[in-house]
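J.:
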Amino acid sequence: MLIGYMRVSTGEQNLDLQRDALERAGCEKIYDDVCSGRATERPGLDKALEIARAGDALVVWKLDRIGRSLAHVVTMVSDLQKRGIGLKVLTGDVDTTTTTGRLVFGIFATLAEFERDLIHERTMAGLAAARARGRAGGRPRVMTLKKLKAAMAMMADRDNAARDVAAELGVSLSTLYAYVDANGKPRERANELLASKRRVKRDNSVQA
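If you read the sequence shown in the numbering used here, its first letter stands for residue 64, the second for the next number, and so on.
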């Protein structure tokens with residue numbers, strides 16, 4: 064059985080477009096979610112995954128309908144494959160029920176792992192530098208530009224828990240959320256920090 068799933072963010076107008084595409088693909092059941100913010104709870108997707116059985120396939124219009132990051136998508140597809148359930152993406156010609164489709168997702172999984180490792184390496188390098196400066200100058204453990212950029216990248220990955228991100232960056236959870244939201248989007252304080260750095264850089268270039 065083909066099970067369709069569609070998701071739109073608040074303000075999007077393409078729900079009918081997705082439904083039409085899923086119906087043309089032959090989906091017998093279609094579930095949907097209208098999300099705002101990070102929307103960690105997606106009852107429509109949960110229901111679609113609940114009724115899916117081995118031999119079925121989850122069908123989506125675009126790959127980003129089921130996950131906000133490559134790592135999250137790869138994890139979900141891996142879980143589906145363990146249950147004998149395929150994934151078909153209409154706009155990307157991705158189909159994990161075929162040999163070619165599984166090969167494509169193997170490449171995706173490799174890229175997701177590389178992305179995680181790269182973010183981790185950059186984060187650890189930045190923290191090491193921050194700790195070194197802290198020991199030399201006695202600076203307090205506050206949000207810096209490097210930490211902010213790392214926080215934005217790590218929070219954008221749904222696989223990362225906010226508490227773990229805060230611990231790795233060496234800031235409190237409240238400090239983390241004061242600068243970024245649950246999606247890794249910068250808040251007002253983060254924008255102020257980014258703007259101040261841009262002003263300093265601009266002033267230095269003018270003086271030069």
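We put the CB at the ideal spot given by N, CA and C, even for glycine. Here the structure is a predicted model, which means the values were calculated and not measured.
Between L117 and I66, which are expected to be in contact by the criterion C-beta below 8 Å, what is the C-beta distance as a whole number of angstroms?
T.: Here residue 117 is Ala; the residue named in the question, Leu, does not match the sequence. Not quite, the Cβ-Cβ distance comes to about 13 Å (not below 8 Å), so this is no contact.
J.: Between which two residues does the alpha helix (DSSP H) containing K110 stretch?
T.: Boundaries of the alpha helix (DSSP H) around K110: P106 to I114.
J.: What whole-angstrom Cβ distance do L121 and Y68 have, given they're in contact under 8 Å?
T.: Rounded, the Cβ-Cβ distance is 6 Å, consistent with contact.
J.: Alpha carbon to alpha carbon, how far is M215 from V152? Give it in angstroms, no decimals.
T.: 28 Å
J.: In chain order, what residues of the same chain have a beta carbon less than 6 Å from the beta carbon of K92, not counting five sequence neighbours either side?
T.: I66
J.: What residues in its chain sit with their C-beta under 8 Å from that of T238, if we drop five residues either side in the sequence?
T.: V205, M206 and A229
J.: Using 8 Å for Cβ pairs, my map puts N246 next to M218. What's the rounded Cβ distance?
T.: 7 Å
J.: On a CA-only basis, which of R252, L85 and G130 is nearest T154? Give me that one, please.
T.: L85
J.: May I have the straight-line CA-CA distance separating L342 from L143, to the nearest angstrom?
T.: Residue 342 is absent from the model: the chain starts at 64 and stops at 271.
J.: Pull the bridge partners of M69 from the DSSP assignment, please.
T.: D95
J.: Which same chain residues end up closer than 7 Å to R198 when comparing Cβ atoms and leaving out the 5 residues on each side of it in sequence?
T.: Reliability fails at R198, whose pLDDT of 48 lies under 50, so the model's placement of it is uncertain and no value is given.
J.: Taking 8 Å as the cut-off, decide whether the C-beta atoms of R70 and R128 are in contact.
T.: Yes. Within cutoff.
J.: Taking DSSP as the reference, what is the three-state secondary structure of R82?
T.: helix
J.: Would you kindly report the start and end of the unbroken alpha helix (DSSP H) that includes V152?
T.: That residue, V152, is in no alpha helix (DSSP H); its beta strand (DSSP E) goes G149 to V152.
J.: I need the straight-line Cα distance from L78 to G164, nearest angstrom please.
T.: 26 Å
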